[in-house]
Every structure is written in structure tokens, then in C-alpha cells.
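Student: Please see the structure below; I have some questions.
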Ligand SMILES: Cc1ncc(C[n+]2csc(CCOP(=O)(O)OP(=O)(O)O)c2C)c(N)n1
Ligand SMILES: Cc1ncc(C[n+]2csc(CCOP(=O)(O)OP(=O)(O)O)c2C)c(N)n1
Ligand SMILES: [Mg+2]
Ligand SMILES: [Mg+2]
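Residue numbers (UniProt numbering), protein chains in the order written: chain P, 1 to 408; chain Y, 1 to 408; chain W, 1 to 337; chain V, 1 to 337.
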């Protein structure tokens with residue numbers, strides 16, 4: 001008897017018009033996961049890839065071995081970083097609609113991942129981010145106006161109008177120039193960490209990739225080299241459930257957990273509630289400590305949800321139910337941290353309103369300053385002649401000739 | 001306190017001059033591994049990647065759940081296939097030394113993998129082999145003289161002198177044109193299997209890669225697409241311990257088992273004694289049955305040892321002890337199958353000698369025939385003008401012009 | 001006859017071939033349920049089912065590789081690379097495999113695949129949504145490279161590409177998806193409906209690979225161009241009043257050498273225009289061939305107008321883009337020489 | 001002065017830079033313990049330790065990627081791709097990343113890396129050990145592309161490449177590793193020791209990128225060539241008696257336009273020779289530039305002699321290889337025109 005073969009094409013549980021359904025997402029109790037010593041052999045924590053590290057429980061309490069890492073002062077800073085990131089995104093989305101820039105990518109709903117991770121890194125460490133980790137810069141304290149200058153491609157844009165909005169570069173802030181090509185920087189981060197190891201330094205690298213982009217071949221390169229040379233690198237996977245219109249099943253997430261990709265390489269791996277600021281910080285710190293102690297790479301799958309559109313070019317209502325975010329079982333990172341702070345008596349609705357006003361004002365002020373230097377179609381611009389610069393360290397003859405042809 | 005980081009560079013246990021040492025290779029008892037039903041969920045057999053399926057024990061007995069698949073007639077055929085492959089290789093190595101061809105790659109010590117695997121496939125199935133799976137063609141019964149014509153790039157070479165020796169193509173025999181580029185065909189096999197599934201056919205694909213080449217990015221592509229679409233494909237990894245001069249640790253084998261690479265993709269995975277003809281057949285059959293029953297892909301790591309040089313351009317005494325093969329704990333596939341056949345009373349030293357003479361004669365006869373059609377530098381050759389053919393289905397104008405310039 | 005945009009014409013070509021040939025399958029990132037970020041595959045999954053039109057993982061190398069495997073099996077895969085700028089991870093599979101399968105197997109295996117990809121700038125896409133990598137394919141023996149400039153050709157060429165037994169790189173100038181574009185961003189966008197070449201017959205027809213089309217006859221100077229630049233060249237000729245003959249190559253490999261020679265021998269002058277970076281661009285090959293084949297007919301040096309040898313910048317888009325002003329200057333220069 | 005083969009000269013360059021600059025690291029497939037399949041890195045691991053010279057996994061894309069990361073960190077990685085034919089999996093990292101890092105970061109990050117790779121045919125390597133992919137790099141803004149033809153240049157150019165702050169593609173004609181080769185396979189192999197350019201000074205010296213060298217002065221016709229073809233052109237000039245001026249370009253990007261123009265203006269004729277496939281090869285760019293810059297000095301069409309537009313075949317190696325006979329015919333043709 002022969003079976004007729006057929007192609008299996010994964011499909012999300014619901015499509016537009018359907019009722020949001022996340023019943024397939026296992027959400028373990030907060031506090032359940034033990035905290036292994038940083039020198040645990042990777043083979044002994046394989047089950048971590050099939051579970052989830054969570055600190056904040058439903059009532060807003062911080063529980064378990066991974067709790068207790070941060071003071072309430074630090075948590076309030078974290079809350080502010082996330083709120084500032086969200087306010088920044090909102091303003092930039094508006095600017096894009098107003099034609100001040102061509103394009104924008106927000107991080108709505110995922111703010112905890114980048115904001116809390118940044119706090120676990122040290123000066124001199126280098127992140128290799130995707131376009132959705134603006135939270136790294138904001139939590140670092142990088143000037144919003146510098147980010148906006150680049151979004152507006154204006155006269156003060158350090159990248160001289162060359163890059164799409166959101167593809168920042170800020171070496172000083174440990175933020176590597178973001179590529180528009182998915183995945184390419186993941187193995188570069190491994191190379192950077194290898195260099196630190198070769199030089200006997202103490203710097204670590206933090207690599208970033210989305211769930212969809214784990215399918216890219218560069219993901220494999222990163223794991224191979226990390227497995228062989230054991231350099232000090234954190235391999236972050238932000239599993240926000242969606243690529244553009246395709247859900248994580250199209251990247252292989254239907255058949256296995258992304259965190260388990262590390263096992264075939266003997267790389268330590270964690271799977272973490274990415275909407276839990278405390279869990280993100282604690283897991284990041286654990287991985288950073290391992291790296292710095294020369295114990296090698298750690299892969300972390302951050303489980304979160306892309307609450308907004310993929311970008312300003314996208315309309316998610318075309319491929320998923322509009323109200324899916326409300327059903328997302330891990331909630332919203334800002335709401336959860338706020339609830340925790342209130343529960344431990346370190347916060348109030350009133351202070352929340354004040355802080356909201358504060359971050360909105362800060363963003364508004366930065367936008368004003370940036371707009372004064374121009375926006376994509378209005379006001380001062382980077383010099384056209386600068387287009388020929390930085391292609392090489394020194395401009396070769398053929399580019400000098402071309403610049404002249406253009407009239408400069 | 002900060003640790004000074006350092007780059008970990010894996011190193012084999014011994015180098016030339018040292019005493020061969022395989023104490024790090026765990027060899028479980030034959031017969032230990034249970035045989036799961038073909039519809040077992042991949043997640044339930046993860047421990048198979050950390051163990052090894054073995055059928056033949058040290059005394060030559062076939063034991064355990066994976067035994068009993070083949071008649072003694074079939075086993076004798078298997079023995080002959082392997083002996084023929086070895087004799088073929090020996091002759092071609094000699095031909096290369098005699099300048100009859102430019103290059104050759106033998107499969108000494110790994111004959112069981114290809115020869116036994118082939119027997120588990122059906123007509124119409126397609127292998128995507130590397131340059132070291134000549135055993136697939138020989139066990140299929142493909143004419144040796146056709147293979148030699150191609151090795152000698154002579155007038156009867158169906159590939160018209162275009163390919164390096166050993167890069168055969170034999171569609172009829174389910175043998176895909178071998179690429180000189182490592183890894184490229186692994187995801188192509190997945191595509192071929194997807195096509196079979198799309199058409200509702202019952203054909204399966206068998207993909208091949210070496211331990212060293214699992215590092216290539218194409219390996220990842222194959223696993224991603226196999227994980228997502230679950231097509232009928234067997235993903236073979238031939239772990240013969242060495243790439244060229246670099247051992248499997250440089251591909252990540254020091255940190256994990258190659259078989260475990262499948263786990264991050266939810267793909268069923270086995271690790272098998274590749275020098276055990278019975279184990280290779282049984283595991284191949286199991287994977288082929290799964291594929292044909294539309295249960296999806298299986299990855300298999302075949303543990304074996306490259307007993308000879310990488311190719312005729314290589315001198316292994318430069319990077320590993322000369323006598324390493326003798327210490328290899330899984331022995332030699334021909335010797336082991338012979339011992340088994342003798343133990344079950346189906347073979348004798350005498351018949352062995354006869355068969356050796358037979359296969360040597362068969363190879364010699366084929367070589368004579370092939371050489372009559374020319375060798376690389378002597379005798380008839382493919383027509384020079386044919387160089388411009390098959391670049392496209394129909395020769396475009398610019399190639400016609402170029403052919404004319406060359407005088408044809 | 002229906003008036004179609006380029007997106008609609010491209011979709012129509014796939015629809016038409018999927019309807020008449022069961023072997024045709026369509027896949028790529030976001031092409032299944034969603035219908036593609038530029039909507040070129042919209043409705044195909046609904047119509048032909050998930051087994052024949054589906055989403056692919058974000059892995060361009062894998063997309064090409066599985067297309068090759070499918071093609072070798074006997075299917076006719078049409079794979080989409082979301083932007084030409086993202087084809088490089090798949091470059092090895094294209095160059096080392098798709099292009100060589102037939103040659104190295106003596107014809108036993110081949111890859112009758114089409115790799116579609118939007119190319120070119122003009123949409124503020126920055127350096128990773130604006131590239132024109134055609135020269136990286138025209139250098140590779142075994143590939144065909146095609147680039148339409150209008151809906152009629154887009155449908156006919158895509159059908160020819162799908163029916164072709166060789167691997168075809170099918171470049172779609174994204175700035176032309178929804179209307180012709182003369183290179184004047186300050187002017188209001190024009191829809192295809194107003195352009196004669198948006199008249200697209202229903203059902204199957206093919207525009208053969210390897211045949212150029214003269215878009216404007218002229219005696220003064222030959223303009224060799226393709227894709228968006230056809231419209232830019234038309235504008236430049238209009239605006240300068242130069243009596244230019246505009247040859248839309250449509251297919252770069254195979255190349256319509258006869259059409260090129262005929263025109264250059266008539267005009268004695270030649271300007272080559274492409275959006276891709278100048279150095280080692282396809283314009284170099286065209287210039288070399290014009291020189292080799294028409295040397296004694298040439299009255300002036302062949303001029304190349306192309307993108308600068310820099311990555312495609314975001315804000316300076318219109319300084320990079322070889323628009324009608326630059327093309328016009330080259331026409332005048334060629335006429336003066 | 002020492003007489004070195006090209007392999008030795010290349011090794012010497014790395015040795016020299018590793019000794020004087022701690023940031024220089026060398027890695028690639030089989031380059032560590034073993035010293036490289038062509039022996040170019042032999043002894044370097046023993047001398048500088050495993051942290052500075054090591055084996056890499058078989059993953060060309062990863063090799064380039066980690067080199068970029070190391071370069072951005074501040075090291076000077078010299079990565080080997082075992083054969084140029086295997087660079088394509090790393091092509092995306094080279095084109096989309098190494099070449100653009102400086103531009104897109106406004107100079108904050110850059111990739112001072114050298115990617116070495118043996119190229120070219122002549123060793124019966126078949127289609128996957130014989131390719132010359134230089135044109136695929138010269139089209140990419142932000143890369144430098146270099147190809148030496150002798151031991152002296154090989155060492156000096158490699159040192160210059162390692163010291164350069166831009167990514168450099170360093171192509172090594174493998175047929176020249178152990179001796180010059182005039183394209184006559186039937187003649188006995190000649191070792192480098194007999195060639196004047198095998199005299200290699202000890203210690204550091206640089207041959208600047210972007211400077212051509214005239215290998216043979218002549219008044220009849222200019223030959224533009226590089227790598228193995230320099231020796232083939234010399235043989236062709238000798239054998240035909242044509243008074244050819246042979247210009248060894250050495251570096252394709254940046255290109256020594258002045259040297260080219262000076263020679264062509266003197267001779268009025270030009271033949272371009274490369275081993276890579278003709279169509280869209282680097283010869284096309286050279287032909288276009290000669291036309292653009294020297295049109296009025298040209299007395300004959302520029303001729304291109306190159307590999308055919310087919311994959312590099314195994315047995316028909318010498319029919320594919322553009323040897324002295326073909327180059328000689330082109331020289332005579334150029335002189336007759
Ligand atoms: C190499 C490459 N292929 C395709 C794209 C187009 N693209 C941009 S974002 C995206 C989805 C990425 O999804 P994921 O990795 O999950 O990241 P997320 O957007 O969810 O943060 C795609 C396909 C690209 N930028 N680069
Ligand atoms: C893409 C590519 N990179 C490098 C090579 C050169 N090369 C040929 S065989 C080989 C080693 C392969 O080792 P492995 O995969 O273990 O296979 P084995 O030879 O042991 O069967 C290398 C590096 C190649 N052929 N293709
Ligand atoms: Mg995502
Ligand atoms: Mg091996």
C-alpha cells in the first residue's frame with residue numbers, strides 16, 4: 001500500500017475574521033525555572049529550550065530563582081526606557097505619515113527585550129541589532145535627536161542621508177551599523193566576539209535576529225562558528241511570532257522551539273518570557289556573565305509578540321485578526337512592569353501619568369530640534385557630494401570623476 | 001574580577017607521531033537501541049542522537065531490534081557490492097597515478113554507508129550524493145565502464161569530458177549530477193522531495209553531506225525547508241571524522257553530535273554505526289518507510305572513518321597518525337560483514353578469495369573497455385565543439401559565434 | 001483589451017501558466033496567503049491551493065535550491081526573491097548550480113526555473129531596496145536575464161520565461177509596477193492605463209527571449225536601455241529634441257545583437273543607459289560589443305549613463321538615479337562629438 | 001635577494017605582517033595546522049600560535065562574516081577561500097556587508113579585511129577549481145580587487161592589501177603558484193627561480209594598489225591583461241613578433257587609468273586578455289573605458305580575448321584556456337585593422 005504524498009504547508013491557527021487563539025502557546029508558571037550556575041554544561045540544560053523563564057506572575061509579583069536582580073530604582077528606569085521607546089515610535093510613525101520620512105519600523109509590544117537586555121551589557125560591549133532594537137539605544141541613553149536626524153535624513157544625520165530610517169549606527173553606544181539585509185550581522189557578531197577573545201580582551205558581543213530570519217543561512221554560520229571557537233557572544237532570537245505576513249511556523253517554529261536550534265551545536269540555550277522586563281534582564285545578565293567568564297556563547301529565544309504592523313509599508317489586518325494582541329498570553333511589557341512596581345509599592349497611577357507626560361514632552365522636544373535640521377523632503381539636507389564619500393577610505397579617481405560629473 | 005578571554009580552537013586528540021586514540025568515541029553495545037515505530041513523534045527519540053544504532057556485535061552476531069532485515073543472499077550481495085567498490089577505487093587510484101586521469105576520490109572504509117543505503121531505496125527515488133558515494137552507483141548495478149568513461153573523460157563519457165573524475169550523473173540510477181561545490185545539493189534534494197509531495201507521487205529523495213560540510217550554510221537551508229514542509233527526504237550526514245586536514249571538531253563535532261542538529265527543527269534523527277552494513281540498511285529502510293508514508297524527513301548521522309587520503313591531492317600523514325585506521329573502534333565494514341556471514345555459516349574464507357578474484361577481474365575488464373575509448377591524455381576524446389553545448393538547451397548566437405572562433 | 005498595470009500583468013502571466021500547466025508552482029517570502037509585498041501573486045493561493053502557491057522561509061539560498069530540486073524533478077517553479085538586493089545569499093545556488101546543471105550532467109538534469117525579483121530604485125528604498133544587479137547574472141554562462149519595461153512585455157516575457165527550459169532571472173523594475181516613470185519625481189504619478197503598452201491580451205502569448213524592441217525610431221543616436229530607463233530615455237529624447245532611436249533590449253542574455261547593430265550602423269552614435277552602478281555594469285558589455293561590431297560606423301565615442309559607483313543612497317535618491325537630465329546631456333554630447 | 005615562488009612570496013607577506021602587527025590574523029579552510037592546500041600558510045600556526053592562524057569550518061559565508069566582525073573590532077583578518085570557485089556562498093557578506101559597512105555607518109565601522117583566493121585554470125581542475133570571478137567583484141562599489149602575476153608583486157600587493165583600510169579581494173592565479181606559465185602546457189614547467197620577478201626583498205615593502213606595470217614596451221598595440229595572462233601575452237608577442245606593449249594591471253579596482261590611456265594613445269590599438277568568461281567580464285569595462293577615453297586615438301576596434309561563455313571544462317582545458325595562439329591571432333588582427 002502506498003501513501004500519496006502531500007506537501008505540508010504550515011498555517012497559523014486563525015486568519016482575519018477568526019477569533020484570536022493562542023491555546024497552542026504553552027505558558028509555564030512564573031518562577032518555575034531554576035537558575036543554573038553559569039558554568040553549567042550546555043547539555044545539562046536542554047530542557048530550558050522547551051520551557052520558558054518567567055519572573056513576573058499574573059498578580060505582578062516577582063517570583064523564583066531568576067527574581068531579585070534589580071532595585072525598584074532600576075525598575076523605574078526600565079519602565080521609563082520602555083515608555084520612552086514607545087513614545088518615540090509613536091511620534092516617528094506620525095512623522096512618517098506626515099511625509100517627514102519615507103518609512104518607519106516600530107517595536108510596539110517588544111520594548112522589554114531590547115531595553116532590559118541593554119542594562120545587562122557593559123561599556124565596550126557591542127550589539128549587532130536588527131531594525132527593531134531601537135530600545136537598545138534608548139535604554140543606553142543615546143540622544144533621541146541623533147536618532148531622529150537619521151530618520152529624517154537631515155543635514156545633521158551622521159549617516160548623511162544614506163540609510164533607511166531606523167538603520168542606525170552608534171559605535172560609542174555599542175550599537176553596530178544596522179543592515180537592511182536580514183541575518184547578515186549575526187555571524188559578524190560572532191567574529192567580533194572572536195576578535196575580543198583573540199586579543200584577550202573582556203568585551204562581549206550581542207547578536208540579534210528575528211524568528212523569521214532564523215531561516216537565513218547566516219543564522220547557521222553564526223552557530224557553527226560560535227560552537228567551534230566558543231567566543232563571548234549572546235545569540236538573541238526575538239520570536240515576535242511574525243515575520244512580515246508569515247507566522248513563525250514558516251520559519252520552522254511549528255515543528256520545534258527556536259531555542260532548541262542551539263542543541264545541535266552544544267551551545268547553552270534559554271527560552272524566556274520576552275514581555276517580562278525582569279526575566280529579560282536576569283537571563284541577559286546570566287548570558288553576559290557566562291560570556292565574560294570565557295564560558296562561551298548563549299542562545300536566548302525571547303518570546304514576545306509584534307503588536308503593531310511590520311513597518312509603515314504593512315497592514316497586518318490582511319493576514320491576522322485585528323485584536324490578536326489583546327489575546328496574547330504574555331501581555332504587554334509596560335503594563336506588566338507597571339503592575340509589578342505598583343504591587344511592590346514603588347509606583348502609582350499618578351506617577352505613571354506624570355512619566356507619560358514627561359516622555360511625550362521629551363520626544364516632542366527632540367522632534368522639534370531634529371526637524372529644525374530638516375526632514376526628508378524639507379529643509380537642510382546632507383550634501384549631495386557626500387554620496388561619494390566613505391565608499392572607500394580615500395576617494396579613488398573614478399569616484400572623483402563621477403562627483404565632478406554630478407557637478408561637485 | 002575579569003577573566004581574560006581566549007579563543008578556543010579545537011584540536012584532535014593526536015597528531016602525526018602520536019599514538020592513535022579514540023577513547024573519546026563512545027561505542028554503545030550492539031543491539032541496545034530499540035526500534036521505534038516509524039510514526040514516532042521526533043521529539044520522543046531525541047536520545048537516539050546521543051547514542052548509536054549498532055546491529056553487528058564484536059563476535060559478528062546480529063543482535064537487537066534492528067537486526068533481521070536481510071537474508072544471507074542479500075548480505076552476500078552487499079559484501080560483493082562493497083568489495084567491488086573497494087576494488088574499483090583501488091584501480092582508479094592506480095589509473096590516476098598512471099596519468100590516465102587528473103584526480104580521484106576513494107571511499108575506502110566507508111563502503112557500507114552508500115552500498116547498504118542504496119538497497120533501501122526504490123526505483124525512481126533520487127540520491128543527491130557527494131563525490132564519495134560511488135557505492136550508490138555500484139550497489140545499484142550501474143556499469144563500471146560508464147563510470148570509468150567519465151573518470152577518463154574519454155570519447156564515451158556521457159558528461160563529455162566536462163566534469164572532474166567522480167562527479168557522475170546517472171538519472172536512470174537515481175543518482176543526481178554531483179556538484180564540486182560542497183553542500184549545494186542538500187537543499188536541492190529537499191526541493192526534489194517537495195516536488196514529489198506537491199505532485200502527490202510516491203518518490204523519495206536522499207540527500208548526502210560530509211561532516212565537514214555540515215558547516216556549510218546549505219545544510220541549514222535543507223533543514224529549514226525540510227522542517228517546514230515535511231517532504232519525503234532522508235538527510236544523510238557521513239561523519240567520517242575528517243574533512244580534508246581538519247577533523248570533525250572544526251565543524252562543531254567537538255561540542256555536539258551532528259545528529260542533534262535535527263532537534264532544533266523537530267526532525268527525526270538517528271545516529272548509526274556506519275561500518276555496520278546491517279545497521280545502515282535497517283536505519284535507511286526505517287527512514288525510507290517514514291518518508292514514503294508521508295511522515296516526513298529523517299536525518300541520519302553515519303559514524304564512519306575515512307581510511308584513505310581525502311583525494312589523490314592529499315597526504316593524510318601530514319595531519320594524522322599513519323596507523324589511525326587500525327585503532328578505529330568501529331572496524332572495517334567489509335571485514336565485519338564477512339565475519340558475520342561466516343559466523344552464520346553463509347560464507348567462508350575460500351568463497352571470499354573467489355569473490356575477491358571475481359571483483360578484481362570485473363574491474364579490470366571494465367577498465368580495459370573504458371581505456372579503449374581513451375583516457376585523459378591518450379586516445380579518443382569528447383569533441384571539442386561539444387564544450388559549447390548544454391550551456392543552454394539551444395545554443396544561443398554568442399556561443400555559436402564563439403564555437404566558430406574556435407574553428408568548429 | 002484589458003488595461004493592466006505591470007503588477008497585474010505579471011500576476012496574469014503566472015495565473016495563465018498555472019491554469020494551463022499543473023507543473024507550475026509559485027513560492028517565495030510572503031507570496032502565499034498575503035500575495036506578495038508588491039501584490040504580484042495575490043489570489044493565486046486561493047485559486048490554486050497551498051500546494052501550488054505558498055509562503056517560503058526567509059532564506060533566499062534555500063528558495064533557489066528547492067526551486068532547482070523541483071525543476072530537476074519536472075516542475076516549473078517560479079520563485080520570488082522579495083527584492084533583488086536580497087538575492088545574494090542565493091547567488092551560489094544560481095551560479096554554481098542552476099546555471100550549470102545541464103552542462104555538467106550532459107543534459108540529464110536541468111533547472112527550468114524562473115527567479116523573479118523587483119529591482120531598481122525610485123521608491124526611496126535606500127541601498128537595500130533599490131539595486132539593479134543584472135550584470136552579476138549576465139556574466140554567468142547558463143543563465144538568461146530578462147527585464148521588461150511595460151505590462152505587455154512583462155506578461156509575454158514571463159510566460160516565455162516559464163516555458164523556457166533554462167534558468168531565467170526575471171528582473172522587475174519596481175518603480176514601473178504601477179505606472180510608467182520618466183524620471184521626474186516632481187511630476188504627478190501616471191497610471192499604466194494611459195500607456196498603450198498596458199493593453200494586455202487575455203490568455204497565453206509569449207514575447208520571445210532575445211528580441212529587442214525599438215520604442216522610438218530615430219536617426220541621430222541609438223539609445224540602448226532596458227527597464228525603467230526606457231521611459232527615462234524617451235523623456236530625455238523628448239526634452240532635448242534629439243532624434244534618438246530608443247532600443248529596449250528586454251532580454252540581456254540572450255542579446256539581440258542584430259537589433260543593436262542595425263540601429264548603431266544607422267545612427268553612428270550610441271548612448272547606453274542603465275540604473276545599475278557604472279563600473280563593470282552591463283553597459284560595459286554593450287559598449288564593448290558596439291565597439292567590436294560597429295567600430296567603423298561610429299562617429300562618436302559610446303557614452304554610458306548609469307548609477308554612480310556608490311551604494312544607492314536613501315535621501316540622495318534623485319542625485320543617484322540617472323534621470324532625464326543626465327541622459328539628455330549624454331544625448332547632446334553624443335550628437336556634438 | 002631571495003628567489004621565491006609565488007606561494008612563498010604570499011606566505012612571506014603574511015609572515016612579515018603577522019610579525020610586525022599583532023592585529024593580523026590568518027584563517028580559512030585547512031590553513032591552520034596543515035598550512036593550506038596550496039601551502040600558502042605553512043608554518044604560520046607554528047610560528048604565531050593557534051589564536052592567530054587557525055582552521056575554519058567549511059563555510060565561506062561564515063568565514064567572510066567573522067572576518068568582517070573581526071575587522072570592525074580592530075583586527076586585520078586575512079581570510080582564505082580555498083578556491084575562488086567557492087566564494088559564492090560568501091558573496092552576500094562581501095557585497096552587502098564588507099563593501100558597504102563604511103558607507104552606511106558614515107565611517108564609524110569598516111572592514112579592513114583581505115580575502116585571498118586561488119583563481120584561474122590550467123591545472124585540470126574542472127569547472128569548480130578553475131574560475132576567475134573578478135568581474136563579480138569589480139562591479140561592487142566599496143571593494144578593491146587585486147591580482148598579481150609574479151612573486152615580487154604578490155608579496156608587495158598582499159602587504160599593501162593587508163595595510164589597506166578597505167576590503168580587498170586578492171586573487172591568486174593558481175597556475176602561477178609554482179612557476180610562470182606562458183600557456184604552453186606541452187612545454188616543461190619552469191620554476192620561478194629563473195624569472196627576474198622572483199627576486200623578492202626580505203621584510204616589508206608594498207606595491208601600491210592602483211598602479212599598473214608595463215611588462216614589455218612596444219609601439220604597435222597595447223595589451224591590457226593581468227594574472228596568468230601577462231605571461232601568455234608575453235609569449236604571444238614573442239611568437240607573433242608583434243610590437244606589443246604589455247600592461248599588467250595588477251589592480252582592477254582601483255584601476256590605473258593613466259597607464260592605460262598613455263599606452264593606448266601611443267599605440268592606437270588595444271587587445272584585452274583575461275581568462276574569465278567573455279560576456280560581462282572585466283574586459284568589457286576595460287574596452288568601454290578605452291573607447292570612452294581614447295576614442296580618437298583608436299585605429300582599430302578593441303579586441304577581447306577571454307574564456308568562452310561556458311563553464312570551465314575538465315578535459316577540454318586547453319581549448320577553453322585563452323592561450324598564446326588565440327592571443328597571437330588577436331594581436332595580428334589588431335595590427336591588420
Ligand atoms: C535577506 C533579506 N530577505 C528579505 C528581506 C525582507 N524582509 C524585511 S523584514 C522581513 C521579515 C523579518 O521577520 P523577522 O526576522 O521575524 O523579524 P521581525 O520583523 O519580526 O522583527 C523580511 C522578509 C530582507 N530585509 N533581507
Ligand atoms: C563550497 C566548497 N568549499 C570548499 C571546497 C573544498 N573541499 C573539497 S572536499 C572538502 C572537505 C569536505 O569534507 P567532508 O564534508 O567531511 O567530506 P568528506 O571529504 O570527508 O567525504 C573541502 C574543504 C569545496 N569543494 N566546496
Ligand atoms: Mg518576527
Ligand atoms: Mg568528512
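Note that CB positions come from ideal geometry on N, CA and C, so glycine has one too. Here the structure is a predicted model, which means the values were calculated and not measured.
1. Since I believe residue 24/P is in contact with residue 280/P (beta carbons under 8 Å), could you give me their beta-carbon distance rounded to a whole number of angstroms?
2. Quick check: the Cα distance between residue 243/W and residue 269/W, rounded to an integer number of angstroms?
3. Assign residue 239/P to one of three DSSP states: helix, strand, or coil.
4. Report whether the distance from the Cβ of residue 130/Y to the nearest heavy atom of ligand 2 is below 7 Å.
5. Is residue 77/P helix, strand or coil when you go by DSSP?
6. Tell me, please, whether the CB atom of residue 109/Y is closer than 8 Å to any CB atom in chain P?
7. Beta-carbon separation of residue 388/Y and residue 402/Y under 8 Å?
8. Taking beta-carbon pairs under 8 Å, can you tell me which members of the stretch 261 to 285 of chain Y lie near chain P?
9. Does the Cβ of residue 364/P have 16 or more other Cβ atoms within 10 Å, making it buried, or fewer, making it exposed?
10. Cα separation between residue 241/Y and residue 396/P?
11. Measuring only from the beta carbon, is residue 269/W closer than 7 Å to any heavy atom that is part of ligand 5?
12. Should residue 258/P and residue 206/P be called a contact, given that it needs their Cβ atoms to be closer than 8 Å?
13. Residues of the stretch 116 to 141 of chain V with a CB closer than 7 Å to any CB of chain W: list them in chain order, please.
14. Distance cutoff 8 Å, beta carbons only. Does residue 14/W sit that close to anything in chain Y?
15. Looking at the unbroken beta strand (DSSP E) that takes in residue 410/Y, where does it start and where does it end?
16. With distances taken Cα to Cα, identify the nearest neighbour of residue 277/W among 310/W, 155/W, 5/W.
17. With hydrogens ignored, establish whether the beta-carbon of residue 52/W is closer than 7 Å to any heavy atom of ligand 4.
18. Based on Cα-Cα distance, which residue from 209/V, 264/V, 83/V lies nearest to residue 143/V?
19. Hey, how far is the Cα of residue 198/P from the Cα of residue 248/W?
20. For the putative contact between residue 67/V and residue 113/V, defined by C-beta atoms under 8 Å, what is the C-beta separation to the nearest angstrom?
21. List the residues of chain Y whose Cβ lies closer than 8 Å to the Cβ of residue 202/P, in chain order.
22. Taking C-beta to C-beta, are residue 189/Y and residue 69/W nearer than 8 Å?
23. Please state if the CB of residue 274/W and the CB of residue 124/W are separated by a distance shorter than 8 Å.
24. List, in order along the chain, the chain W residues whose C-beta lies closer than 7 Å to that of residue 217/P?
25. Please compile the residues from chain Y whose C-beta is within a distance smaller than 7 Å of the C-beta of residue 162/W.
26. For the beta strand (DSSP E) that residue 80/W lies in, which residues bound it at each end?
27. Hey, could you find the ends of the alpha helix (DSSP H) residue 217/P is sitting in?
28. State the DSSP-derived secondary structure class of residue 191/Y, mapped to helix, strand or coil.
29. Is the beta carbon of residue 131/P sitting closer than 8 Å to the one on residue 55/P?
30. Buried or exposed for residue 12/P, going by 16 or more other Cβ atoms inside 10 Å?
31. Ligand 1 heavy atoms versus the CB of residue 90/V: any closer than 7 Å?
32. Count the other CB atoms within 10 Å of the CB of residue 203/P; is the residue buried (16 or more) or exposed (fewer)?
Tutor: Reading off the structure:
1. Start at 1 with the first residue of the first chain, and residue 280/P comes out as number 280. Start at 1 with the first residue of the first chain, and residue 24/P comes out as number 24. Wrong, their Cβ atoms sit about 23 Å apart, outside the cutoff.
2. Residue mapping note: residue 243/W aligns to position 243 of the third chain, counting from 1. Residue mapping note: residue 269/W aligns to position 269 of the third chain, counting from 1. Roughly 11 Å between the two C-alpha positions.
3. In the first chain, residue 239/P corresponds to position 239, counting from 1. Residue 239/P: strand per DSSP, three-state reduction.
4. Mapped onto the second chain, residue 130/Y falls at position 130. Correct: residue 130/Y has its Cβ closer than 7 Å to ligand 2.
5. Along the first chain, read from residue 1 onward, the residue named residue 77/P stands at position 77. Note: residue 77/P maps to helix in three-state DSSP.
6. Position 109 of the second chain, counted from the first residue, corresponds to residue 109/Y. No, its Cβ sits nowhere closer than 8 Å to a Cβ of chain P.
7. By 1-based counting over the second chain, the position of residue 388/Y is 388. By 1-based counting over the second chain, the position of residue 402/Y is 402. Yes; because the gap between Cβ atoms is below 8 Å, this pair is in contact.
8. Along the stretch 261 to 285 of chain Y, going in chain order, the ones with a CB nearer than 8 Å to a CB of chain P are 261, 262, 263, 264, 265, 266, 267.
9. The residue you call residue 364/P lines up with position 364 of the first chain. The residue is exposed, with fewer than 16 neighbouring Cβ atoms inside 10 Å.
10. Locating residue 241/Y in the second chain gives position 241, where the first residue counts as 1. Locating residue 396/P in the first chain gives position 396, where the first residue counts as 1. The straight-line gap separating the alpha-carbon atoms of residue 241/Y and residue 396/P is approximately 48 Å.
11. Summarising the ligand content, the structure contains ligand 1, ligand 2, ligand 3 and ligand 4 and does not contain ligand 5.
12. In the first chain, counting from the first residue as 1, residue 258/P sits at position 258. In the first chain, counting from the first residue as 1, residue 206/P sits at position 206. In this structure, residue 206/P does not lie closer than 8 Å to residue 258/P by Cβ.
13. 127, 135, 136, 138, 139, 141
14. For this step, residue 14/W is matched to residue 14 along the third chain. Chain Y, which has no Cβ nearer than 8 Å to the Cβ of residue 14/W, makes this no.
15. Summary: the structure shown does not reach residue 410/Y, with chain Y confined to residues 1 through 408, and so no result is reported for it.
16. Position 277 of the third chain, counting from 1, holds the residue named residue 277/W. Ranking 310/W, 155/W, 5/W by Cα distance to residue 277/W puts 310/W first.
17. Taking the first residue of the third chain as 1, we reach residue 52/W at position 52. Not under cutoff, so the answer is no.
18. Translated into positions along the fourth chain, residue 143/V becomes position 143. Taking only the C-alpha atoms, the option nearest residue 143/V is 209/V.
19. Mapped onto the first chain, residue 198/P falls at position 198. Mapped onto the third chain, residue 248/W falls at position 248. When rounded, the distance between both Cα atoms is 55 Å.
20. Position 67 of the fourth chain, counting from 1, holds the residue named residue 67/V. Position 113 of the fourth chain, counting from 1, holds the residue named residue 113/V. Their Cβ separation, rounded to whole angstroms, is 5 Å, which keeps residue 67/V and residue 113/V in contact under 8 Å.
21. If you number the first chain from 1, residue 202/P lands on position 202. Ordered by position in chain Y, the residues that pass the 8 Å Cβ test against residue 202/P are 2, 3, 4, 5.
22. Here residue 189/Y refers to the residue found at position 189 when the second chain is read from its first residue. Here residue 69/W refers to the residue found at position 69 when the third chain is read from its first residue. Yes; because the gap between Cβ atoms is below 8 Å, this pair is in contact.
23. For the purposes of this step, residue 124/W is taken as residue 124 along the third chain, with counting starting at 1. For the purposes of this step, residue 274/W is taken as residue 274 along the third chain, with counting starting at 1. It is not a contact, given that the beta carbons lie outside the stated cut-off.
24. Counting from 1 along the first chain, the entry for residue 217/P is found at position 217. The answer, in chain order, is 59, 61, 89.
25. For the purposes of this step, residue 162/W is taken as residue 162 along the third chain, with counting starting at 1. Under the 7 Å cutoff, chain Y gives no residues; its nearest Cβ is about 14 Å from residue 162/W.
26. For the purposes of this step, residue 80/W is taken as the residue at position 80 of the third chain. Where residue 80/W is concerned, the enclosing beta strand (DSSP E) stretches over 76 to 80.
27. Here residue 217/P refers to the residue found at position 217 when the first chain is read from its first residue. 217 to 229 is the span of the alpha helix (DSSP H), which, as asked, contains residue 217/P.
28. Here residue 191/Y corresponds to residue number 191 of the second chain, with the count starting at 1. The answer is helix: DSSP assigns residue 191/Y an H, G or I state.
29. Sequence index remark: in the first chain, residue 131/P carries index 131 (1-based). Sequence index remark: in the first chain, residue 55/P carries index 55 (1-based). No, they are not a contact pair.
30. Position 12 of the first chain, counting from 1, holds the residue named residue 12/P. Around the beta-carbon of residue 12/P, 16 or more other beta-carbon atoms lie within 10 Å, marking it buried.
31. By 1-based counting over the fourth chain, the position of residue 90/V is 90. No - ligand 1 has no heavy atom lying nearer than 7 Å to the Cβ of residue 90/V.
32. Within the first chain, residue 203/P is the residue found at index 203, counting from 1. By the neighbour-count rule (16 or more Cβ atoms within 10 Å), residue 203/P is buried.
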